[in-house]
Structure formats: structure tokens, C-alpha cells
Amino acid sequence: MEINKVICDDCVNGLTRIEDNKVDLIYLDPPFFTQDVQRLYSKETKTELTFSDKWNSMEEYLLFMEERLTECKRTLKDTGSIFVHCDRNASHYLKVLLDKIFGMKNFQSEIIWTYKRWSNSKKGLLNNHQVILFYSKTDRFKFNRIYTEYSETTNIDQILQERVRDKEGKAKYKTDENGNVVIGKSKKGVPLSDVWEIPYLNPKAKERVGYPTQKPVILLEQIIKLVTDEGDIVVDPFAGSGTTLVAAKILNRKYLGMDISSDAVLIAEKRLETLIKTDSFLLKKGKAAYQNLSENQLAILKSINAMPVQRNSGMDGILSEYLDGKPVSVKIQKEEETLDEAINKLIKSSRTKKCEYMILIRTHTDYINVIDFNRIPQGVIIMDSYEMQIDEYINNKQLKSFVL
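Mapping the sequence shown onto my numbering, position 121 (from 1) lands on 114, and the numbers just tick up by one.
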């Protein structure tokens, strides 16, 4: 068997060149039955890459997939696994096909890869996930448990105290003969679930090469770590831009990729020469690292029907309803900011986002105790926070009519 290379050939031919029971992991990112043609400009080849996913019928598509999946099963070791990437267009059909080829008993998981993408969705729900079907060849498949961090809602007792089940099967904290809660054994975290929140590749990601269906390296790394060890063989029959192969090489696995497109093979080979992976700040630091607004600030935004904006020093939110077809930005004055500083930050941030109207929530007075209406830039509306209004009322201060 050839290893550590990319073959330019239809995988139905390439797979026949692999001996029986040779491969540890096969990952497929095949056509999704979108009935569309994917187009994207590649900065690697300086050309437009096209990928046709049009079929005469679902039957034609499934026959195409069955031939290739059957060959995949033959090449897998008894300890091997296969992951098939798909989406809502054909995942239900592929699940039935995989049950037929690998057996229902060897179905392990339906992994949901979820991500955030902005889109002007047609009528209906915005599609923010894809499906990865995980099957093993036998019940002796290799599996390396991966642990994740506890959720923000997990308290210290849930982590430290040992749990048991009572006669009704309900979980409860274990106690000793004196009724004291028993401290459990050390824990590594929460076992990885079948819902993976891994960011979609943004247009400016370093690893992006312009291939229409490119997936993030960190997604493939997680799959590879789950069911293989160093030195194991990973095969991708629809290699595309080579993401699976890059992940395998980074993790010291042997690899073999196949693709019918010579452009794809060229891109994959170049990527394997210089391994690039985009680190995810979300995965490293967690959601909380993106959230710089306090609960009080979020409550203020909610009270005026504004959507929160994180990680922006000049803007904290956007009104849910636009004004004259333009977004309306909102900033809440911070404790250390003077009114002028807050206004300047709001204007600077808003102008780049095409916001002609801006709302500043004033939270305190500074050395300027009286607002000069003539000094307020055009398009800026100043509102006092509820707390400030109450303080001014208690202190018998006269509220200015232009301050909302």
C-alpha cells in the first residue's frame, strides 16, 4: 500500500490498490447531493475551482456511494472506523446505506458539527450544522476517550462529590455511614459528546486555500485523535484540498489521499509541504472569553431591544430594528469613561459599520455636569440609564428635556 501521498484518481479505483484489512481510519467528505455547482477562487492555483454536485436522481447518487463505501469496508482493519461527512440533503439516505454495508450494530454515533455562520437565509430555519456518521467495522474498534471542560453551569459539588443511583435509578450524592457526602475520585472532565462546536473556517483563516468544501484542520484532528494512535493509517478517498492529510501529518499518522481533480491534488500537495493550522480562540478560551459585557449591560441592552455586540470597545449593541434602513449602534458608558470619550468611541466604531444613528447610555456624570445640547454630534442620542435617572431624582436634580 502506498502511504504519505496524494493520488489523482477516482477513489473507486484508488481504493482497489489498498490490500484488505489495512487501514485504521477512513474519513469521507463526499458530494452532499446539493444539486448545485460549488465555485470558489483558489489563491494557491490562481484559478476558479468548480465542483459539480449534480445528479440525475437520488438512486444514482446512492449507487455511486455504495460502490465506494463497500470498498472502504474491505480496506478497514477489524479495529478500524469510518466517518462519513454529510448534511441534511442526504444524511438520512446515507445512514440507511451505511447500516446496510456496516451493519446497524456497528453504528456508533451521529456527530453534529455545529458552527455560527451569518446568512440571509431563505424562508425557514438557518442551517448551522453538518452531520458526520461514525461507524466501526466490528465491535473491536479502537477508541480513545477525549475529555472536555465542565460547562459554566456545573457547580463545585457536582465535580467533587461522588454520585450513585438509588433503587429508582435516580442519581444522588453518595454518603458514608455517618451521612457525610463522599468525595469522589479525580476527574479528567466531561467525556466528549456527539455535538461538536468547532468554528467554520472564516474567509481570512490562514489555512484557507480557496477550495469550495474545505473543512477546518481542528475538526479532522479531533476525529483522528478519537480512533487512531501515532503511526496508524488514515485514508481520505475524497481528499479535496487535503485537510485530512494535513491533520494526519501533524498528528504523526500515515496517510493516503485520493481525488479525481488534478487541481485539488496540487493544492493538497502544497499544503503538506507547509503545514498550516488556524488555532481557534473559541476552543482555547471558551465562549466566556468572547463575552466582555456584564449582566447589567446585557440587561440594559435587552430593555431597549438591542442585540449584544461582544469584543468591540466602541459599541455594545445594535438595535433589533433598523432606522431608515440603517443599523443603530448602542454604547453603554463605562465607569472610567468621560462622556466625551464615550461619544468619540461610539462615533469611531459606528462610522465603520455604516451606522448613521447612535445611542449612548449615560451611566454617570463626570466633570461636565450639564450636557450642552449643541455639543452633541449629529445622529447621537443620549439616554440616561435607569440607575442614573433614579439617582438624579433622589438628589432632586432637574432632568434636561433632551435627555431621554
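Ideal Cβ positions, reconstructed from N, Cα and C, are used throughout, including at glycine. Every value quoted in this text rests on a predicted model; they were computed, and no experiment measured them.
Judged by beta-carbon spacing, Thr206 lies within the 8 Å limit of Gly233, meaning their Cβ atoms are closer than that value. Beta-bridge annotation (DSSP): Ser342 is not paired with any residue.
In the three-state DSSP reduction, Thr131 falls in the coil class, being neither helix nor strand.
Bounds of the alpha helix (DSSP H) holding Asp384 are Tyr379 to Ile387.
For His85, the secondary structure class from DSSP, reduced to helix, strand or coil, is helix.
In the DSSP assignment, Ile226 forms a beta bridge with Lys247. Secondary structure at Arg158: strand, using DSSP grouped into helix, strand and coil. Between Val16 and Gly73, the CB-CB gap stays under 8 Å.
Residue state for Glu214 is assigned as helix, using DSSP reduced to three classes. About 6 Å separates the beta carbons of Ile325 and Thr356, which is inside the 8 Å limit, making them a contact pair.
DSSP places Met51 outside any beta strand (DSSP E); the residue lies instead in the alpha helix (DSSP H), whose first and last residues are Met51 to Thr68. When C-beta atoms of the region 52 to 59 are compared with those of the region -6 to 2, fewer than three pairs fall below 8 Å, so the two segments do not count as touching. For Lys47, the CB contacts under 8 Å within the same chain, skipping 5 residues up- and downstream, are Gln28, Asp29 and Val30 in chain order.
Scanning its chain for C-beta atoms nearer than 6 Å, with the 5 sequence neighbours on each side dropped, one finds around Asp3 the residues Ile253, in chain order. Closest option to Ser296, judged by alpha-carbon separation, among Pro209, Thr107, Ile311 and Tyr20: Ile311.
In this model, Tyr193 and Phe57 are separated by some 28 Å (Cα to Cα). Straight-line measurement puts the Cα of Ser84 at about 22 Å from the Cα of Leu185.
Shortest Cα-Cα distance from Glu41 to any of Leu249, Ala257 and Glu214 involves Ala257.
DSSP places Glu190 in the uninterrupted beta strand (DSSP E) bounded by Val188 to Glu190.
In the DSSP assignment, Asp3 falls outside any alpha helix (DSSP H) and carries neither an H nor an E.
Per the C-alpha coordinates, the member of Leu244, Leu249 and Val239 positioned closest to Lys263 is Val239. Distance between Phe44 and Glu59, taken at the CA atoms: about 20 Å. For Glu41, the enclosing beta strand (DSSP E) covers residues Thr40 to Asp46. About 6 Å separates the CB atoms of Ile369 and Ile375; that is less than 8 Å, so the two are in contact. Under a 10 Å Cβ-count criterion, Leu119 is classified as exposed, with fewer than 16 other Cβ atoms of the shown protein chains found around its own Cβ.
With contacts defined as CB atoms closer than 8 Å, Gly235 and Gly250 qualify as a contacting pair. Cβ contact annotation for Asn14 (same chain, cutoff 6 Å, sequence separation greater than five): Lys70, in chain order.
Straight through space, the alpha carbons of Ile387 and Glu200 are spaced by roughly 58 Å. Gly7 has its alpha-carbon roughly 56 Å from the corresponding atom of Val321. In the DSSP assignment, Asp17 falls within the beta strand (DSSP E) that extends over Val16 to Leu21. When C-beta atoms of the region 207 to 223 are compared with those of the region 159 to 173, fewer than three pairs fall below 8 Å, so the two segments do not count as touching.
DSSP places Arg355 inside the beta strand (DSSP E), whose first and last residues are Tyr350 to Arg355. Out of Glu334, Asp229 and Asp132, the CA that lies nearest to the CA of His78 is found in Asp229.
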